[in-house]
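Numbering (the UniProt record's numbering), first residue to last: 1 to 565.
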Ligand code: ADP
Ligand code: MG
């Protein structure tokens, strides 16, 4: 296991802090010894300075929250280590305003101790200090005397207090507001992989495949509970139930879906969508939904869900604009209306013709093989794409045994409903064959299929620009057309099918000239192009349909191609 840059823990914490100062831009300054970030330019009306901090490793919290509408100073310790009281004292003294300083502290023994000692030193200097302690974590609700841990609700507390401080609230008012937001907040976190140690790249703890740490913290300690992975909706239900069991939220909730550092943006949005739907299903009104990585645990692969019982008194502070690089930019939740749904998914037929149903069954069986071929030279989705196209054609189809109609359904399904490169290109292939077949008498189908493949080749080359030798489906398509031209035959026959298979097989020795295979160069060599194999396979199926031939010569050759390498 490796990390991108191996770094000394202390060095990384410092470099991260100075990096945050650079990202924050004008107005935010960096002190290296003791280490903290601060702003010299609080909003004009601000009477109380907001100071927070804690171990590094949770970026952008807290350094990224310094600036207009946020914190006046942030002091990070080393990774997952509380800051020293000297840092907190110096940072607070630097930014203190006439009404004093408010410390926002996550509930961990070391943090509480160091902030409290710094507060004593500040008071001795005549500076008024109050503390807001954040303890939102559901996973540590039974922790006894030490109490619950402080986690992602800190983001919400700091955002709300930042805007209220800019509005000129007093120290006592801000402290009361902060405590109220904390009391209304609960967070639960899950992780499928621990963070990697910045030193040696090893995982802090192991999570067995198929399970999740449920109620995990943000410092690399495993959770008390380990659960089996369910589908996303099941997981979100469980998390929402944990948070809403004793929640009364007459004014609705603010929802924060927070990435723990190793979770992709799309996954967070997917999770946010599921969480919002779960809350709506429980008739909990949502005032605001934010997704993003705000309170991370290095690169832990996981997500936390925070639900806050909203108060209209402070909601405007939550929505307020700010000038920090790291705080969320919440919007007023408006749900989602699907204004252009086609309804194609519903009410469709489930009775495909025997030919189309057979194609669908075989596609399902070959799906993984096609994905594997695409993985070797592309992104591994070719089998999925072709399966989507065929299943959409099945929905469009009817039970009637009509090859020409089925080809039409396949053409429109692949053109309209399948993404990737292959979807629309295969749509052109089916379309070419379908339109020739539509005009042909029943006994001239073999000729129509061959002519259709010729039209398809022209259309595919016009759209995609591939030539023979570029390692695409053109290599199979052109092989059939060229072979028929050489032999001067009028219709698709067994030899054509073998030519297609040979054309597809030859791609195994080619370097990609078009499509994703072009990006991997020589590494694609050894396995054939999935699009070319699929075209050869379709030629075999069409030939069998047209001639009624049921020999398995073509199947055997194709299986060899798919299994190869
Ligand atoms: P994507 O590359 O977008 O993931 P698919 O995996 O669905 O698309 O399809 C990959 C196949 O598309 C390739 O195996 C290749 O046969 C075909 N292909 C890609 N680009 C072209 C092109 N320009 N002309 C013809 N076929 C192409
Ligand atoms: Mg692909």
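All C-beta atoms, glycine included, are put in the ideal place defined by N, C-alpha and C.
In the DSSP assignment, the residues bridged to residue 106 are 134. Residue 105 is positioned such that its CB atom lies closer than 8 Å to that of residue 112. Residue 65 has its CB no nearer than 7 Å to any heavy atom of the ligand MG. DSSP assignment within the segment 243-283 yields the following whole alpha helix (DSSP H) runs of 4 residues or more, N-terminal first: 265-281. Each of 421, 386 and 393 was checked against the Cα of residue 409, and the nearest Cα belongs to 393. Between residue 187 and residue 163, the beta carbon gap of about 21 Å keeps them out of contact (Cβ cut-off 8 Å). Counting the other CB atoms within 10 Å of its CB gives residue 331 a total below 16, which places it among the exposed residues. Here residue 195 is not near residue 189, since their CB atoms are 8 Å or more apart. Distance from the Cα of residue 499 is smallest, within the candidate group 198, 517 and 557, for 557. Rounded to the nearest angstrom, the Cβ distance from residue 66 to residue 13 is 16 Å, too far for a contact under 8 Å. In this structure, residue 458 has its CB at a distance of at least 7 Å from all heavy atoms of the ligand ADP.
Here residue 178 has 132, 157 and 161 as same chain residues with Cβ atoms under 6 Å from its own Cβ, once five neighbours each way along the sequence are excluded. In the DSSP assignment, the residues bridged to residue 191 are 213 and 302.
Taken through DSSP and simplified to helix, strand or coil, residue 38 comes out as strand. Checking the 7 Å criterion, the Cβ of residue 420 is within range of a heavy atom belonging to the ligand MG.
Taking a 10 Å sphere around the C-beta of residue 304, we find 16 or more other C-beta atoms and assign the residue as buried. For the ligand MG, no non-hydrogen atom lies closer than 7 Å to the CB of residue 203. Short note on residue 378: C-beta closer than 7 Å to some heavy atom of the ligand MG.
Here the segment 250-259 makes no contact with the segment 222-234; the two share fewer than three CB pairs at distances below 8 Å. Assignment of residue 433 by DSSP, reduced to helix, strand and coil, places it in the helix class. A contact is defined here as three or more CB-CB pairs under 8 Å, and the segment 27-36 meets this definition with respect to the segment 66-85.
Cβ atoms of residue 411 and residue 397 stay farther apart than 8 Å, at about 12 Å. Three or more pairs of CB atoms, one per stretch, sit closer than 8 Å, so the segment 525-536 contacts the segment 377-391. Contact between residue 390 and residue 360 holds: their C-beta atoms lie close to 5 Å from each other, under 8 Å. Secondary structure of residue 400 (DSSP, three-state): coil.
In terms of Cβ geometry, residue 114 and residue 150 do not form a close pair [threshold 8 Å].
For residue 256, the closest alpha carbon among the candidates 11, 165 and 269 is that of 269. Below 8 Å, enough C-beta pairs join the segment 283-302 and the segment 323-340 to call them touching: three or more. The C-beta of residue 89 has 16 or more other C-beta atoms within 10 Å across all chains shown, which makes the residue buried.
Between residue 40 and residue 145, the alpha-carbon positions lie close to 39 Å from each other. Per DSSP, the unbroken alpha helix (DSSP H) holding residue 154 starts and ends at 153-166. Check the Cα spacing between residue 362 and each of 467, 374, 386 and 373: the tightest is with 386.
At a cut-off of 7 Å, the beta-carbon of residue 141 does not count as near the ligand ADP: no heavy atom of the ligand is closer than that. Taken from the Cβ of residue 529, every heavy atom of the ligand MG lies 7 Å or farther away. The continuous alpha helix (DSSP H) containing residue 539 extends over residues 530-547.
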